[in-house]
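Notes to accompany the following structure.
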Amino acid sequence: MTDALKITVAGGGIAGLAAGACLARLGHSVRVAERAPAMTEVGAGIQISPNGFAVLKALGLDKQLAEQAIRIERVRLIDGLSGRDAAVLDVAKYRPNLPFFAVHRADLVSLLADGARAKGAKLDLNAKVTPPPEGAALPGDDLLIGADGLKSVMRACLNETTKPFFTRQVAWRAQIEDQDATPEVQVHMGPGRHLVSYPLTDGRRNIVAVEERTGWADEGWMHADDPAHVQAAFAGFNQTARDWLAQINNVYLWGLHRHPVAGRWHVERQVLIGDAAHPTLPFLAQGANLALEDAWALAHSVTTTGLEAGLPQYQSTRQERVRRIVGAATKNARNYHLGFPPLRFAAHSVLRTIGAVAPERLLARFDWIYAHDVTAQTSR
Ligand SMILES: Cc1cc2nc3c(=O)[nH]c(=O)nc-3n(C[C@H](O)[C@H](O)[C@H](O)COP(=O)(O)OP(=O)(O)OC[C@H]3O[C@@H](n4cnc5c(N)ncnc54)[C@H](O)[C@@H]3O)c2cc1C
343 MTDALKITVA GGGIAGLAAG ACLARLGHSV RVAERAPAMT EVGAGIQISP
393 NGFAVLKALG LDKQLAEQAI RIERVRLIDG LSGRDAAVLD VAKYRPNLPF
443 FAVHRADLVS LLADGARAKG AKLDLNAKVT PPPEGAALPG DDLLIGADGL
493 KSVMRACLNE TTKPFFTRQV AWRAQIEDQD ATPEVQVHMG PGRHLVSYPL
543 TDGRRNIVAV EERTGWADEG WMHADDPAHV QAAFAGFNQT ARDWLAQINN
593 VYLWGLHRHP VAGRWHVERQ VLIGDAAHPT LPFLAQGANL ALEDAWALAH
643 SVTTTGLEAG LPQYQSTRQE RVRRIVGAAT KNARNYHLGF PPLRFAAHSV
693 LRTIGAVAPE RLLARFDWIY AHDVTAQTSR
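Note that the sequence shown ends on residue 722 in our numbering; no numbers are left out.
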């Protein structure tokens, strides 16, 4: 156990707030500096899987999350064209101790902000951080944590600048009113496109619709688009999907870009966490969950071994898992988007058969992601 450190976290998103909570819990003096004037979040949903939930639980935030979220009981993989089930992954039945949740991003951010404050972290708004040169912490601090997200300035300081690669896929995100709160994530899969939807509290439904396309699209949360575009892209899909899309009033378009996992996560007194270190495509819904894991792992490493050994230890314990998940997420779009009808039919038949005969086997393929409990491995 080292002496208490004085730390600034640049960025008050999911990674930064979680780091604030994890470090303050261990007695460090932490300031989370967010450049925005308020801790607001876009109106979107987010899936918290058991590996991320383990961190919330260890922070004592599990009950509040459960109250504000929908506990997901199953994931339904659906042939987008016919509307027929390809497989149902009954997570509540086969993995009762590994809970999945769907929550409003804004609720998750408030929960983490309150949790961080309650443990003694200070949150500063309107506080843009400019990282000092040569890997130094801010004056008077021991450590500067870069939790500044996808377009991280700190990643660029620690690594050579790399140009993101447009994946030729775009994602529309939208919310609609829907009183049907059946606790399942539906994935409607079709040629060159898929649509993921799940219920949220307050009678809302979250929709993310992904399409392959050749034209370039910008990366960013807030690019409004015409609902007619997503409706046209999914015009060949089943009635349920079309009915949801017909209700959309506001939709945002996000160009999906692939960024390499940063080669260097730390230098001297600076370290990266969350999207700043490893942005991931959304096809496994793991970006925020990995950010929660990072926050815990970093706090544990620097507390038990000190900065000099703790920063390399943090990177080495996280890097391989993160690369594997980022790689698996990249591949997942291909699984969802099979176009050639015999291939799609065969793939869905295989899923249907395994799902009926050995549902456990389908779920077991994902245990390496979801059953990983970073807090059990590092119990402090
Ligand atoms: C369509 C879509 C759906 C997704 N769904 C899921 C999902 O279901 N589950 C999941 O786990 N993940 C999901 N993700 C990924 C997830 O949203 C991100 O991985 C996660 O938000 C990353 O958190 P972060 O804190 O690292 O970055 P961010 O959330 O981007 O936060 C970075 C913060 O840093 C601030 N900042 C930036 N620069 C500075 C500076 N210089 N000084 C101070 N502050 C600064 C920013 O204002 C921002 O608040 C999804 C992503 C997309 C695109």
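Where a beta carbon is used, it is the ideal one built from N, C-alpha and C, also for glycine. Since we're looking at a predicted model, the values are computed, not measured.
Report the residue from the options whose alpha carbon sits nearest the alpha carbon of residue i.
i	options	result
residue 396	646, 654, 630, 645	630
residue 626	360, 460, 469, 537	537
residue 400	452, 461, 546	461
residue 533	421, 710, 521	421
residue 344	546, 504, 484, 584	484
residue 711	651, 653, 635, 643	635
residue 597	531, 380, 496, 492	492
residue 438	713, 718, 364	713
residue 666	382, 428, 620, 367	620
residue 662	348, 605, 458	605
residue 592	675, 601, 572	572
residue 530	505, 354, 428, 360	428
residue 410	578, 544, 643, 660	544
residue 486	365, 523, 701	365
residue 393	647, 443, 418	443
residue 497	677, 644, 353, 718	353
residue 368	639, 655, 701, 706	639
residue 495	653, 652, 679, 377	377
residue 480	706, 648, 669, 611	611
residue 402	372, 384, 360	360
residue 449	466, 436, 382	382
residue 504	642, 407, 618	618
residue 707	370, 408, 436, 384	436
residue 371	453, 463, 424	463
residue 385	553, 566, 472, 424	566
Return the chain-ordered list of same chain residues with a C-beta closer than 8 Å to the C-beta of residue i, the five sequence neighbours on each side being excluded.
i	result
residue 556	510
residue 549	514, 515, 516, 517, 518, 537, 538, 539, 586, 587, 590
residue 671	622, 623, 624, 625, 626, 628
residue 467	354, 376, 378, 379, 380, 381
residue 500	477, 488, 604, 606, 607, 608, 609, 612, 614
residue 346	369, 370, 371
residue 387	444, 445, 446, 447, 517, 540, 542, 546, 548
What does a CB cutoff of less than 6 Å around residue i pick up in its chain, not counting 5 residues either side in sequence?
i	result
residue 358	351, 374, 489
residue 541	412, 523, 547
residue 600	507, 509
residue 389	444, 627
residue 678	531, 536
residue 648	344
residue 580	425
residue 520	547
In its own chain, which residues sit with a C-beta less than 7 Å from the C-beta of residue i, not counting the 5 before and 5 after it?
i	result
residue 416	430, 431, 432, 433, 434, 526
residue 559	512, 595, 597
residue 405	none
residue 583	422, 530, 537, 576
residue 441	392, 395, 413
residue 702	436
Which of the three DSSP states, helix, strand or coil, is assigned to residue i?
i	result
residue 514	strand
residue 377	coil
residue 653	helix
residue 488	strand
residue 509	strand
residue 495	helix
residue 399	helix
residue 703	helix
residue 368	coil
residue 645	helix
residue 674	helix
residue 709	helix
residue 382	coil
residue 725	Nothing can be reported for residue 725, as the shown portion of the chain is limited to 343 through 722.
residue 621	coil
residue 393	helix
residue 635	helix
residue 627	coil
residue 360	helix
Tell me, please, which residues DSSP counts as bridged to residue i.
i	result
residue 387	446
residue 351	374, 487
residue 612	486, 609
residue 663	BP columns for residue 663 are empty, so no partner.
residue 600	507
Please report whether the beta-carbon of residue i lies at a distance below 8 Å from any beta-carbon of chain C.
i	result
residue 644	Of the protein chains in this structure there is only one, and it is not chain C.
Uninterrupted beta strand (DSSP E) stretches inside the region 518 to 598 (no shorter than 3 residues): 526 to 532, 535 to 542, 546 to 554
Residue ranges of each alpha helix (DSSP H) within the region 405 to 482, 4 or longer: 433 to 436, 447 to 460
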